[in-house]
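Contents: one structure, followed by commentary.
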Amino acid sequence: MAETQPVRGFRDLVVPESSRTAALEAHARATLGRYGFGEVRLPTLENAELFVKSTGENTDIVEKEMFRLSDQGGRSLALRPEGTPGAVRAYLDNNLRQLGGPAKLFYVGSMFRAERPQKGRYREFEQIGVETLGNPHPAADVESILALRALLDAAGLSGRTRLKLNNLGCLTQAECRPRYRSELVSFLEARKDSLCETCKGRLGKNPLRILDCKGDGPRLRPDLPPFKPCAACSGHVEQVATLLAVTGVDHVRDPHLVRGLDYYNRTVFEFAADGLGSQDALAGGGRYDGLVEQMGGPSTPAVGWALGVERLLIAAEAADPALAALSGHGAAAGVFVAVQGGAAAVTEGTRALEDLRRFGLPASGGLFASSLKAQMKEAGRQGARLCVIIGDAEAAKSPPTCQLKDMEGGSQAEVLLQDLRDAAGKRLSEEHPRA
Ligand SMILES: [Zn+2]
Ligand SMILES: [Zn+2]
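For the sequence shown, the working numbering gives the first residue as 2, with consecutive numbering after it.
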């Protein structure tokens, strides 16, 4: 049976999850377009070095979770574990800087991480993300957060998310993160024996990551030395907070929000949702002013976020009204066409189906090998609102007709097949003005 199963942690996406995913993507494209972001489609496979240099050599993502492979020429490649490095590479490679003004990009696609599979977490998972490159102002951070809020609202989570905000300071001012780093190292050195093996290794390389450790982080937090960012960093994040308040976004300050990546500075943020248990983070991001330069480009301030699509769909499902907002059209049919009879009825049935669909109405049916009873049962299972029944008698008339049955009201009327699409379209639009 093994050959009929996907690789561990990978999965097929079938209806209705596939339609809900597509509906969310459509919401995202519309919403992000309204905020001025343009789509960038990035390759799934990149040189492994891209992530080692940007995401960070000592991050869990690169150290433990990245799918690495080599091609026939022995080049070291990786399935992208996150979107930002590829987006920055694309920004540089395509000279988007030359277009003038900041580049505002969004992407939608699969990311790959060899994490332990669990509910809502797969080794191939989908992210939607945005990146603003070339705008140093706190207003860019806020615009990015507002676009994310709009997207969460569109998914039906209005009022059901919480925004956390933190200031990670900068590496450019000695009195900012560099000073904190040395304070933190002294603090952690004194407690070295109590750290897990991974964190002992992080102590020399990236002590900030220890705050993210699921074991050590929560235990150490109450006693941690407080971080005091430099004046410029404080001013920046204070202005983010002010502009968020002006635009009606509540937030809480979380001094322990680190966001497991090496490249963030100043603003970091995370949206969490109700109904997701301990893994409640839906989306997060922050400012990464040093990354473009670190990747060989000119100094370019930047800010962005990424959102986990599977998590968002789980949260939307937990928030009941969201189901309607994300249901999309999927395989549910508006009109079901059933036939009872011989070749003439089948001919008219086939024609009617195609006529309805070309007119823009969702239509299904075509189970002409089944009994009428079985076809009607299938119409019910699919939730069809209207049912068209064509028998030998209707097909033999000139011009041919059909019985149009309202599955909700129960009424039935004989309609000319040439008038069917108008009659069905009118009924469907009466019930669902936006269908
Ligand atoms: Zn600073
Ligand atoms: Zn640890």
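Every residue gets a Cβ at the ideal spot worked out from N, C-alpha and C, and that includes glycine.
Between L189 and L204, the C-beta gap is smaller than 8 angstroms, which places the two residues in contact. For ligand 2, no non-hydrogen atom lies closer than 7 angstroms to the CB of T60.
Using a C-beta cut-off of 8 angstroms, the segment 137 to 154 makes no contact with the segment 341 to 354, since fewer than three inter-stretch Cβ pairs fall below that distance. Distances between the C-beta of L196 and the heavy atoms of ligand 2 include at least one below 7 angstroms.
A residue is called buried once 16 or more other Cβ atoms fall within 10 Å of its Cβ, and A307 is buried on that count. Relative to ligand 1, even the nearest heavy atom lies 7 angstroms or more away from the CB of G291. Sequence-distant partners of R386 (beyond 5 residues in either direction) whose C-beta falls short of 7 angstroms from its own C-beta, in its chain, are G335, M408, E409, L429 and E432.
If you check the CB distance, A303 and L292 come in under 8 angstroms.
Taking C-alpha positions only, E47 is separated from K65 by approximately 17 angstroms. Any heavy atom of ligand 1 counts here; residues with a Cβ closer than 6 angstroms to one of them, in chain order, are G170, C171, Q174, C177, P230, C231, A233 and C234.
Within the same chain, no residue comes within 7 angstroms of A370 by CB-CB distance, once the 5 residues on both sides are set aside. In the three-state reduction of the DSSP assignment, L46 falls in the strand class.
Of the residues assessed, D251 falls on the exposed side of the cut-off, its CB having fewer than 16 other CB atoms within 10 angstroms. Per DSSP, G75 has no beta bridge partner at all. In terms of Cβ geometry, E127 and E311 form a close pair [threshold 8 angstroms].
Note: F126 is bridge-paired with M112 in the DSSP secondary-structure output. With a cut-off of 7 angstroms, the C-beta of T301 is classified as distant from ligand 2, since no heavy atom of the ligand falls inside that distance. For T133, the closest C-alpha among the options K229, T351, V389 and G287 is that of G287. Approximately 12 angstroms separates the beta-carbon atoms of C171 and R182; this is outside 8 angstroms, ruling out the contact.
At a cut-off of 7 angstroms, the beta-carbon of G216 counts as near ligand 2: some heavy atom of the ligand is closer than that. In summary, P118 is exposed, with fewer than 16 beta-carbon neighbours lying within 10 Å of its beta-carbon over all protein chains present.
Along the segment 223 to 279, the alpha helix (DSSP H) occurs as fully enclosed runs of 4 or more residues at 232 to 247, listed in sequence order.
Boundaries cannot be given for A155, as no beta strand (DSSP E) includes it and DSSP labels it neither H nor E.
Boundaries of the beta strand (DSSP E) harbouring F337: V336 to Q341, taken from the DSSP string.
Residue burial is scored here from C-beta neighbours: P7 has fewer than 16 other C-beta atoms within 10 angstroms and is therefore classed as exposed. Residue burial is scored here from C-beta neighbours: G130 has at least 16 other C-beta atoms within 10 angstroms and is therefore classed as buried. Put simply, the segment 85 to 105 touches the segment 38 to 54. At least three CB pairs are less than 8 angstroms apart.
Nearest Cα to F11 within the set A23, Y123, V53 and S111: Y123.
In the structure shown, L308 adopts extended strand secondary structure according to DSSP, grouped into three states.
Put simply, the segment 135 to 142 touches the segment 234 to 252. At least three CB pairs are less than 8 angstroms apart. CA-to-CA, the gap between L51 and Y92 works out to about 14 angstroms. Cβ-Cβ separation between M296 and K54: approximately 6 angstroms, consistent with a contact (criterion under 8 angstroms). When E349, R21, Y108 and P208 are compared, the shortest CA-CA separation from G305 is found for Y108.
G74 and A49 have their C-alpha atoms some 14 angstroms from each other. Remark: the C-beta of T268 is outside contact range of ligand 2, defined as less than 7 angstroms to any heavy atom. When the five nearest sequence neighbours on each side are left out, the beta carbons in the same chain lying within less than 6 angstroms of the beta carbon of K105 are those of G37, F38 and T133, in order along the chain.
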